[in-house]
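Enquirer: Those protein sequences? They're chains A and B, same order as listed. So in full-length UniProt numbering, spot 206 of the first sequence is number 206, and the numbers just go up one at a time. So in full-length UniProt numbering, spot 161 of the second sequence is number 161, and the numbers just go up one at a time. Here a beta-carbon is modelled for each residue, glycine too, at the ideal position from N, C-alpha and C. Just so you know, these numbers come straight off a predicted model, no measurement behind them. Quick one: the structure is below, questions incoming.
There are 2 protein chains.
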Amino acid sequence: MKDLNEYKRELSQAGQFIKQHDNYLIVSHINPDGDTISSSLTMALLLRFLGKSFTLVNEDPIPDKFNFLPLSDQILSISEIKNTFSHVITVDVADQKRMGMISPLLTDDVEILNIDHHPTNDRFGHLNVILPTAAATCEIMYDLVKELNIPLSQDLASCIYTGLLTDTGGFRYTNTSPKVMRIAAELLEYGVSPGEIAEIALETISKNHISVLQIALSHLQVIENGFIAWTYLKANELPQDVTSDDTEGIVNYTRNIEGVEVGIFFKEVKGNVFKISLRSKKYVDVGAIAKAYHGGGHARASGFTFYGDLEEVLQQLIDAIKQSEGWKYLENKSN
Amino acid sequence: MKDLNEYKRELSQAGQFIKQHDNYLIVSHINPDGDTISSSLTMALLLRFLGKSFTLVNEDPIPDKFNFLPLSDQILSISEIKNTFSHVITVDVADQKRMGMISPLLTDDVEILNIDHHPTNDRFGHLNVILPTAAATCEIMYDLVKELNIPLSQDLASCIYTGLLTDTGGFRYTNTSPKVMRIAAELLEYGVSPGEIAEIALETISKNHISVLQIALSHLQVIENGFIAWTYLKANELPQDVTSDDTEGIVNYTRNIEGVEVGIFFKEVKGNVFKISLRSKKYVDVGAIAKAYHGGGHARASGFTFYGDLEEVLQQLIDAIKQSEGWKYLENKSN
C-alpha cells in the first residue's frame, strides 16, 4: 500500500507544477477509454479555470459516444498540432508507448507530469502522481481539483463521474471503494445525470457488437445439466473491422445464465487459432484450467490461445472442468 | 416534497412500535424483487439484534438468485405459517393487494407498520413511514437502522446495499441520488462485495430470457439509414412459462445500438395481439406516438397494445416517426 503522505506530497508538487507553467499539452492514452478521456477533459477544465492555455491530443479518435463530454471536440489528432510543448501532462498513461507517437510535439527540454492509477506505471514523468489503489485516474483528478481548491461545476463533475463510472464498470468491479462512492455522491450534488451518462457510456452497443452478438447467441449451447454454457465465433463470421471491444462481454452471456457454473467463449482469430475465454461463477477454478494451456487469469476469469480443432479443445475443456475439485463439489451439492 | 420533519416523526414512531412489541410478521410484496426482499431481511436482522422474534412471509417464492442474502431461507410461504400475528410490518408494499392473501395470518386487532417508498402508497397501515423521494425502501430501512442505533454489520449492509442497487438499476436510474451514493459508500465500509452482488442481482440471465433474446436478436433489423432498429417475438416462439421479466430489456438492444434514434420491440402476446415498446435516444417523442394508439409513457419510453398485422403497424410507426419534429431535426442535423 502506498504511503498516503507520499501521495499527498505528489499531489501538492503536481499542483505547484500546474500553477507555475502555462501552455500545456494534455495527453491521453491510445485507444482512449472513458477514464483517460474524462481525466484529460477534467485537466483541461481545471487549467481553463486557472487561466492557463492547453492543447488536448490523442493519437486515436475519441469514440462518438463520449461526444457529450465538455471540450471533447477539442481533442486533436497528432497531425493537427503544429507547435511544440515544453510542459506535458499525461493522464491514465502507464508507459511512454501508451502516449502514442507524440515525440514530434515535445521540445528537447520537455517536462512531463504523469498522473495515473495503473500499478504498472513506470514513472516516466519528471513528476509523477501515481495511486495504484485509485479505481480510476479520475479519482486522482478529483483529489487534484481539491488540492488546487477549484470549485466543482457540473462540467467538472460530469467528467470525473464518467471516469469513475467507466473504470468501475458502472460501480460493479471490485475496485468500487467507499471513496469512489463518496466522490460520486458529491458529484451528483452538482447536477450530474447518472442515468444519462450510464446509458451513453455503458449501454451503447456498437454495430459490430450487435452483429457478433447475434451470431454468438445463435451458436450458444447449454450442456452438462445446465452447468456449462458455451459459444463461438468463426473467423469468417467476424466483420472485417471488428475490434476486441466488439467481442468483449460475449463470454458473460454464457456464464451469467441461471444455473450455469462455467461459461466458455471461443473466438477464432484466424483459421484454427482460437482465443478462448473461460468464466466461472463460484466453484470451478478456471484459472488452473487456462494455466494448463499456458494461459493466464484467475479462478473466476481466465483465457488462453489454442491452435487446433474447436470440437477437440471443447471436449478437453469439458473433461478438465469435470475433473476439477469445484465441479465435484457442485455435483455433490446438487444431488 | 414531503416535510422531512414529518418523515423523522414517522421514523421515530416506527422505532417506538418496534421496541414496544414482539412476535412480528414481516411481509414483503408479491412477485418479490430485490428491494422488498432486502428490506424484509433488514427488518429481520434488526429485530434479531433487538432480541425480538419474527416470521418472514411472502406469497410467492423468492427468486433463487437472492439466496445469498442472510436469512433468505427463512422467508416462508403463507401455507407454511400456522399461527396468527397482531403486529405486522410491511416493507415496499404500496397497497393491501400487494401483501397477497395474508389475512388468515392476522388477528382481528392487528396493528400494521407500513414502510414504503412508492408515491402511490395508500397509507393502509396503523403507522406509516412513507418517503416517496427514497430511491428504495431499503433507503428508509437504513434510516430506521440509524434511528434505532443499531450498529451496521456486513449482513445488514449487504441487504441494504442489494435493495439500493436493484431499485436504482445498478445506480443507473434517475433516482440515484447523492444520499443513495453516500449510504452505499458507508455500507461498503462493512465488507459488502459490490461486484459479487451486482453480478448475482443484476447480471443473472434467466433461461427463458436467453431463449427469447436469441430469437429476438435473430429478427433484429436496423433500417432508415441506421436511425431505427426493430425486432419482434411471435407468440409461438415464446417459452410456455415466459414471464414479462423474461422479455424485459429486449427493447434496449434495439435502442442502444450506436446511431439508432428509435428502437421498437413487438411482443405478440396472442395471435395478432402485440404489446409494442418504443424507446428513443434523444430527439423523437415516442410518448406522443404511443398516445395516438391510446398507449402511455413519456418522450423516451412508451408502449401500447395493437390488434392486427405486424407489418402494417410497423409501417404506420415508421411513418409516424418520420413525421415527428424530432426526426426532422435529426435528419437536418445529419445531412
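Secondary structure at residue 201 of chain B, three-state DSSP: helix, strand or coil?
Expert: Three-state DSSP puts residue 201 of chain B in a helix.
Enquirer: Going along the chain, which residues of its own chain have a beta-carbon closer than 7 Å to the beta-carbon of residue 81 of chain A, five neighbours each way excluded?
Expert: Cβ neighbours of residue 81 of chain A beyond the five flanking positions: 55, 57, 105.
Enquirer: Identify the residues that DSSP records as bridge partners of residue 228 of chain B: which are they?
Expert: The partner list for residue 228 of chain B (beta bridge, DSSP) reads B:223, B:262.
Enquirer: Is there a Cβ of chain E sitting closer than 9 Å to that of residue 171 of chain A, yes or no?
Expert: In the structure shown, chain E does not exist; the protein chains are A and B.
Enquirer: Count the CB pairs spanning the region 180-193 of chain B and the region 148-168 of chain B that are closer than 8 Å, and state whether there are at least three.
Expert: They touch, by the three-pair rule.
Enquirer: Among the residues of its own chain, which have a CB less than 8 Å from the CB of residue 317 of chain B, if the five just before and after it don't count?
Expert: Closer than 8 Å at the Cβ level, and outside the excluded window around residue 317 of chain B, lie 264, 276, 278, 289.
Enquirer: So which of A:126, A:107, A:130 has the shortest CA-CA distance to residue 368 of chain A?
Expert: With chain A running from 1 to 335 in the structure shown, residue 368 of chain A is simply not present.
Enquirer: Would residue 135 of chain B and residue 167 of chain B be called neighbours here (beta carbons separated by less than 9 Å)?
Expert: The answer is yes: Cβ separation under 9 Å.
Enquirer: What's the call for residue 326 of chain A, buried or exposed, on a 16-neighbour Cβ count within 10 Å?
Expert: With 16 or more other Cβ atoms within 10 Å, it is buried.
Enquirer: Just to confirm, is the Cβ distance from residue 212 of chain B to residue 237 of chain B under 9 Å?
Expert: Yes. Within cutoff.
Enquirer: Can you give the beta carbon distance from residue 171 of chain B to residue 170 of chain A, rounded, assuming they're within the 8 Å contact cut?
Expert: Yes, they are in contact, since the Cβ atoms of residue 171 of chain B and residue 170 of chain A sit about 7 Å apart, within 8 Å.
Enquirer: Between residue 205 of chain A and chain B, is the shortest Cβ-Cβ distance under 9 Å, so that the two count as touching?
Expert: Cβ-Cβ to chain B under 9 Å: yes for residue 205 of chain A.
Enquirer: Beta strand (DSSP E) containing residue 113 of chain A: first to last residue?
Expert: Here the beta strand (DSSP E) through residue 113 of chain A covers 106-116.
Enquirer: Over the uninterrupted beta strand (DSSP E) stretch that includes residue 128 of chain B, give me the two end residues.
Expert: Counting along the chain, the beta strand (DSSP E) containing residue 128 of chain B begins and ends at 127-130.
Enquirer: Measuring straight from C-alpha to C-alpha, what distance separates residue 298 of chain A and residue 284 of chain A?
Expert: Rounded to the nearest angstrom, the two C-alpha atoms are 11 Å apart.
Enquirer: If you reduce the DSSP assignment to three classes, tell me which class residue 235 of chain A lands in.
Expert: It is helical.
Enquirer: Where do the N-terminal and C-terminal ends of the beta strand (DSSP E) with residue 337 of chain B fall, by residue?
Expert: What is shown of chain B runs 1 to 335, which leaves residue 337 of chain B out entirely.
Enquirer: Does the distance from the CB of residue 280 of chain B to the CB of residue 269 of chain B come in under 9 Å?
Expert: For residue 280 of chain B and residue 269 of chain B, no; Cβs fall outside 9 Å.
Enquirer: Are residue 75 of chain A and residue 100 of chain A touching if we call contact CB-CB under 9 Å?
Expert: Not in contact: residue 75 of chain A and residue 100 of chain A (Cβ atoms no closer than 9 Å).
Enquirer: Does any C-beta atom of chain B lie closer than 9 Å to the C-beta of residue 273 of chain A?
Expert: No, its Cβ sits nowhere closer than 9 Å to a Cβ of chain B.
Enquirer: Are the region 190-205 of chain A and the region 59-74 of chain A in contact at 8 Å, needing three or more beta carbon pairs?
Expert: Contact holds: three or more Cβ-Cβ distances are below 8 Å.
Enquirer: Report yes or no: do three or more beta-carbon pairs, one from the region 135-153 of chain A and one from the region 173-180 of chain A, lie closer than 8 Å?
Expert: Yes, the region 135-153 of chain A is in contact with the region 173-180 of chain A.
Enquirer: Against chain B, which members of the region 17-35 of chain A pass a CB distance test of less than 8 Å?
Expert: Those residues of the region 17-35 of chain A that come within reach of chain B (Cβ to Cβ, closer than 8 Å) do not exist; the list is empty.
Enquirer: For the beta strand (DSSP E) that residue 56 of chain A lies in, which residues bound it at each end?
Expert: Taken as a continuous stretch (DSSP letters only), the beta strand (DSSP E) holding residue 56 of chain A covers 54-57.
Enquirer: So, with DSSP's three-state summary, where would you put residue 287 of chain B?
Expert: Residue state, collapsed to three classes: helix.
Enquirer: Given a limit of 8 Å on CB to CB distance, which residues of the region 193-221 of chain B reach chain A?
Expert: Result list: 193, 194, 195, 198, 199, 202, 203, 204, 205, 206, 207, 210, 213, 214, 217, 218, 220.
Enquirer: Comparing alpha-carbon positions, which option in A:314, A:286, A:294, A:295 lies nearest residue 301 of chain A?
Expert: Residue 301 of chain A has its Cα closest to that of A:286, out of A:314, A:286, A:294, A:295.
Enquirer: Looking only at its chain, what residues have a beta carbon closer than 6 Å to the beta carbon of residue 107 of chain B, apart from the 5 residues adjacent to it on each side?
Expert: Hits under 6 Å: 84, 86.
Enquirer: Would a C-beta distance cut-off of 9 Å place residue 173 of chain A and residue 195 of chain B closer than the cut-off?
Expert: Yes, the pair counts as a contact, with Cβ atoms nearer than the cut-off.
Enquirer: Going by alpha carbons, who is nearest to residue 244 of chain A out of A:334, A:266, A:258, A:229?
Expert: Considering only alpha carbons, the answer is A:266.
Enquirer: Any C-beta of chain A sitting closer than 9 Å to the C-beta of residue 363 of chain B?
Expert: Chain B is shown only over 1 to 335; residue 363 of chain B falls outside these bounds and no answer can be derived.
Enquirer: Does the Cβ-Cβ distance between residue 30 of chain B and residue 44 of chain B come in under 9 Å?
Expert: Not in contact: residue 30 of chain B and residue 44 of chain B (Cβ atoms no closer than 9 Å).
Enquirer: Given a limit of 9 Å on CB to CB distance, which residues of the region 163-187 of chain A reach chain B?
Expert: Cβ contacts with chain B: 165, 168, 169, 170, 171, 172, 173, 174, 175, 176, 177, 178, 179, 180, 181, 182, 183, 184, 185, 186, 187.
Enquirer: With distance defined between alpha-carbon atoms, name the residue in A:49, A:215, A:313 nearest to residue 152 of chain A.
Expert: Here the closest residue by C-alpha is A:49.
Enquirer: Any beta carbon of chain A sitting closer than 9 Å to that of residue 257 of chain B?
Expert: For residue 257 of chain B, the answer is yes, since a Cβ of chain A falls inside 9 Å of its Cβ.
Enquirer: Taking 9 Å as the cut-off, decide whether the C-beta atoms of residue 192 of chain B and residue 46 of chain B are in contact.
Expert: It is not a contact, given that the beta carbons lie outside the stated cut-off.
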